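Here the numbering used here runs 5 ahead of the position in the sequence shown, where the first position is 1.
Notes follow once the structure below has been shown.
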Amino acid sequence: MSQRAKASQCGGVVVEFESDDIRDARAKKAKSIPGSALIYLRGPKFLIYVSGALSMWGDRMWHFAISVFLIELYGRNLLLTAVFGLVVAGSVLLLGALIGDWVDRNPRNKVAHASLFIQNISVTVCSIVLMLVFLYKQRIEQIWDGWLTVVCYTVVIILADVANLASTALTIAIQRDWIVVITGYNRGHLAGMNATMRRIDQVTNILAPLAVGQVMTLASNVVGCGFILGWNLVSLIVEFFFLSRVYRIVPALSIKPPVAEEEQVYLQRIERRRSQGEGNVAQPQPLAEGNCNTSLNLKEITNLPLCFRRFRWLVSTCKDGWSAYYHQDVFLAGMGLAFLYTTVLGFDCITTGYAYTQGISGSLLSLLMGVSAITGLMGTVMFTRLRKTYGLVNTGIISSCLHLGCLLLCVCSVFAPGSPMDLSLLMPFINNSSAELGGIASQKQKHTYPLRGGSNQPLLPDRTSIHWTNNTVLFDNVPSGTAPESYISIILLFLGVITARIGLWSFDLTVTQLLQENICESERGVVNGVQSSMNYLMDLLHFIMVISAPQPQHFGILVIISVLFITTGHTMYFLYAHKAKRKRRLNT
6 MSQRAKASQC
16 GGVVVEFESD
26 DIRDARAKKA
36 KSIPGSALIY
46 LRGPKFLIYV
56 SGALSMWGDR
66 MWHFAISVFL
76 IELYGRNLLL
86 TAVFGLVVAG
96 SVLLLGALIG
106 DWVDRNPRNK
116 VAHASLFIQN
126 ISVTVCSIVL
136 MLVFLYKQRI
146 EQIWDGWLTV
156 VCYTVVIILA
166 DVANLASTAL
176 TIAIQRDWIV
186 VITGYNRGHL
196 AGMNATMRRI
206 DQVTNILAPL
216 AVGQVMTLAS
226 NVVGCGFILG
236 WNLVSLIVEF
246 FFLSRVYRIV
256 PALSIKPPVA
266 EEEQVYLQRI
276 ERRRSQGEGN
286 VAQPQPLAEG
296 NCNTSLNLKE
306 ITNLPLCFRR
316 FRWLVSTCKD
326 GWSAYYHQDV
336 FLAGMGLAFL
346 YTTVLGFDCI
356 TTGYAYTQGI
366 SGSLLSLLMG
376 VSAITGLMGT
386 VMFTRLRKTY
396 GLVNTGIISS
406 CLHLGCLLLC
416 VCSVFAPGSP
426 MDLSLLMPFI
436 NNSSAELGGI
446 ASQKQKHTYP
456 LRGGSNQPLL
466 PDRTSIHWTN
476 NTVLFDNVPS
486 GTAPESYISI
496 ILLFLGVITA
506 RIGLWSFDLT
516 VTQLLQENIC
526 ESERGVVNGV
536 QSSMNYLMDL
546 LHFIMVISAP
556 QPQHFGILVI
566 ISVLFITTGH
576 TMYFLYAHKA
586 KRKRRLNT
């Protein structure tokens with residue numbers, strides 16, 4: 006019998022003395038704490054976090070700076086910025102599936118290194134061009150009757166767009182593929198890494214534009230270009246080294262499904278469509294005849310000129326990418342996330358401009374943005390807790406309800422005291438008898454105010470680069486700093502926007518992990534590429550929506566339309582959750 010049992014039987018108190026072995030083990034454990042920290046710092050997770058932080062910081066700085074640079078270059082006019090926004094959105098919309106297919110078809114290290122190199126070099130060359138334009142703008146305007154200036158603007162927009170496409174490819178590769186492999190397909194670890202990456206994104210979203218903005222304000226635009234140039238060169242070297250090390254220490258990253266040749270892939274797609282069209286009625290063909298048909302088709306394709314073959318293959322890739330996205334089990338969840346992009350209820354230039362018209366100062370807006378970043382971080386913490394307790398699908402349901410509940414405050418702000426909404430401005434001329442009233446309304450719309458510096462520049466956008474560039478003519482002719490009759494409306498608006506970010510980011514992480522878990526490895530890139538295209542497509546609708554109703558008096562209508570789109574998106578997720586639960590019950 007042990008001493009503990011004897012003492013308890015006798016009613017005594019057990020006093021435990023550490024043996025030498027226990028003491029030595031505890032001392033070794035204490036000594037190993039610094040060693041374990043060093044192992045973590047050299048491990049793949051930390052290297053991915055640092056690499057992601059450098060990449061996100063550079064992206065945020067560049068997206069902020071390029072908007073300001075384009076405004077400064079074109080005489081404080083928003084035309085170049087609007088063109089850049091359309092080019093960026095249109096290119097990702099058209100090429101998203103091709104980018105994802107390229108990610109799927111090539112080794113992971115080559116995809117990451119190529120994307121990283123193209124992105125940083127494009128930004129570096131673009132910064133050099135911008136520096137030259139700022140330094141020698143007057144001379145450049147005199148060459149070729151001003152056409153050299155147009156060439157410079159075109160080069161800047163093209164390089165910036167190429168950098169954005171490369172950034173999209175890098176994001177798909179690292180945040181949608183590498184992370185899944187690094188965590189060993191462990192759902193808990195995957196949720197932790199996703200949440201950490203989103204927290205890094207939230208912090209850089211606030212601090213990076215402030216940093217480059219201070220450099221541009223205290224020094225000059227040329228110094229700002231030089232600062233971004235230097236950052237990208239240093240970031241390129243560090244990220245390249247870190248990603249190479251991660252690829253070496255995680256052997257699973259070097260394993261990928263085999264890739265077929267382009268012609269063979271195209272033939273497989275033809276055969277797949279033919280079999281789908283024939284259905285079950287089709288009779289099996291002899292093997293020799295099938296081989297003969299295949300060789301004839303291959304001969305027919307190879308006889309075409311190379312440019313036609315390439316174009317045919319690109320179109321087929323895009324079509325099959327969208328088809329693969331549509332046939333995914335998580336299609337409704339991805340569509341629901343995309344619908345959340347058609348909104349003015351975020352800290353982008355639209356909401357910022359509206360806040361200026363309602364008498365909100367820049368310092369108060371900066372404070373509100375800081376609070377919104379904190380609530381976004383709270384959303385990432387809530388995601389990890391809810392996923393552990395209720396599961397991933399239920400976490401999305403809870404996050405959706407929280408998001409929609411907070412946005413009801415924004416709807417209430419439309420009808421609250423101090424709201425400038427005026428529906429009559431949408432119909433200035435109702436009939437001939439109301440011509441006088443229509444004239445008054447049109448005068449209100451045409452009344453112009455002097456443009457105040459910075460009122461049209463995007464301040465800390467919310468989600469993607471399109472928000473940095475969608476500063477169109479929304480509040481171009483509206484004075485800032487005019488105090489409204491009541492602040493109740495603007496308080497309710499920002500209270501809803503800020504609190505809704507908790508549910509928003511938790512829902513975003515939920516759908517992101519659903520895409521990571523439910524898409525097969527061979528289609529992970531192309532499906533996420535199409536998802537990026539959908540996000541930009543819905544963002545373009547938000548772009549068009551704002552152009553259609555550009556006055557502050559229309560903002561309430563934009564709020565209501567935004568809530569309707571968001572409600573539609575969450576409804577799609579509810580349908581997905583219902584189907585997923587029913588499928589799970591049938592399987593069990």
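Cβ atoms here follow ideal geometry from the backbone N, Cα and C, with glycine treated the same way.
Computed from a prediction, not measured in an experiment: that's the story for all the values here.
Going by C-alpha distance, which of the options is nearest residue i?
i      : options                           : result
Leu409 : Ser567, Ile76 and Leu137          : Ser567
Leu372 : Ile126, Arg315 and Leu500         : Leu500
Thr209 : Gly375, Asn399 and Val128         : Gly375
Val55  : Arg113, Gly189, Leu248 and Leu580 : Leu248
Asp325 : Leu78, Ala102 and Lys586          : Ala102
Leu413 : Thr504, Thr400, Thr389 and Ile379 : Thr504
Leu602 : Ile184, Tyr346, Arg590 and Ala585 : This structure cannot settle anything about residue 602, because the visible part of the chain is limited to 6 through 593.
Met136 : Tyr158, Trp149, Gln147 and Ala117 : Tyr158
Tyr2   : Ile552, Gly351, Gly561 and Val186 : It is not possible to answer for residue 2, since the shown part of the chain is limited to 6 through 593.
Glu490 : Gln363, Val167, Thr593 and Thr573 : Gln363
Leu397 : Gly381, Trp62, Leu85 and Leu514   : Leu514
Thr154 : Leu75, Ala165 and Thr348          : Leu75
Ile403 : Met221, Gly57, Pro112 and Ala582  : Ala582
Phe232 : Phe122, Leu52, Cys131 and Arg204  : Cys131
Asn226 : Ser60, Ile53 and Ile133           : Ile133
Val116 : Arg203, Asp150, Ala200 and Lys261 : Lys261
Leu78  : Phe51, Phe352, Arg192 and Gln143  : Gln143
Ile254 : Val551, Lys588, Phe51 and Val516  : Phe51
Leu59  : Phe548, Leu241, Gly561 and Pro555 : Leu241
Val349 : Ile565, Ala168, Arg47 and Asn399  : Ile565
Ile205 : Ile104, Gly57, Asp150 and Ile148  : Gly57
Gly48  : Gly193, Arg250 and Ser259         : Arg250
Leu234 : Arg315, Ser127, Thr593 and Ser72  : Ser127
For residue i, which residues from the same chain have a beta carbon less than 6 Å from its beta carbon, with the 5 sequence-adjacent residues on both sides left out?
i      : result
Val416 : Val568
Lys449 : Residue placement at Lys449 cannot be trusted, given a pLDDT of 39 that sits under 50; the coordinates are not used to answer.
Leu407 : Gly508
Glu305 : Residue placement at Glu305 is flagged as unreliable, the pLDDT there being 49, under the threshold of 50; the coordinate-derived value follows with that caveat. Taken in chain order, the list of residues that qualify is empty.
Lys586 : none
Leu497 : Leu414, Cys417, Ser418 and Ala421
Here's the rule: buried if 16 or more other CB atoms are within 10 angstroms of the residue's CB, otherwise exposed. What is residue i?
i      : result
Leu99  : exposed
His332 : exposed
Cys230 : buried
Asp334 : exposed
Phe512 : buried
Ala257 : exposed
Ala338 : buried
Cys525 : exposed
Gly561 : buried
Thr394 : exposed
Thr222 : exposed
Tyr45  : exposed
Arg596 : Any property of residue 596 remains undetermined from this structure, which presents the chain solely from 6 to 593.
Asn169 : buried
Thr593 : exposed
Say whether chain D places a C-beta atom closer than 8 Å to the C-beta of residue i.
i      : result
Ser368 : Among the chains in the structure shown there is no chain D, since it carries only a single protein chain.
Can you give me the Cβ contacts of residue i inside the same chain, cut-off strictly under 8 Å, excluding the 5 residues immediately before and after it?
i      : result
Met340 : Met539, Gly574 and Met577
Ala216 : Met66
Leu195 : Ile184, Val185, Thr188, Gln518, Gln521 and Glu522
Arg274 : Unreliable placement is indicated for Arg274, whose pLDDT of 49 sits below 50; the coordinate value is still reported in the next sentence. Correct list, in chain order: Ser321 and Asp325.
Ala329 : Glu528, Val531, Val532 and Val535
Leu238 : Asn125 and Thr129
Leu292 : Reliability fails at Leu292, whose pLDDT of 33 lies under 50, so the model's placement of it is uncertain and the value that follows must be treated cautiously. Nothing listed; no residue qualifies.
Give every residue of the same chain whose Cβ lies closer than 7 Å to the Cβ of residue i, excluding the five residues on either side of it in the sequence, and list them in chain order.
i      : result
Asp64  : Ser172
Arg203 : Thr385, Trp510 and Leu514
Met4   : The structure shown does not extend to residue 4, since the chain spans only 6 to 593, so no value can be given for it.
Met61  : Ile205, Asp206 and Thr209
Val1   : The requested residue 1 does not occur in the structure, where the chain is confined to residues 6 to 593.
Thr201 : Tyr54
Gly105 : Ile177, Gly326, Gly530, Val531, Val532, Asn533, Gly534 and Val535
Phe245 : His118 and Leu121
Item to complete: Output the residue ranges of the alpha helix (DSSP H) runs that lie fully inside the stretch 518-568 and measure 4 residues or longer, sorted by chain position.
Response: The stretch 518-568 contains these whole alpha helix (DSSP H) runs: 529-553.
Item to complete: Please list the segments of the alpha helix (DSSP H) lying wholly inside the stretch 198-273, counting only runs of 4 or more residues, in order along the chain.
Response: Here the runs fully enclosed are 226-254.
Discussion item. What ranges does the alpha helix (DSSP H) occupy inside the stretch 344-404, keeping only unbroken runs of at least 4 residues that lie completely in it?
Written reply: For the stretch 344-404, whole alpha helix (DSSP H) runs of length 4 or above, ordered along the chain, are 354-362 and 367-395.
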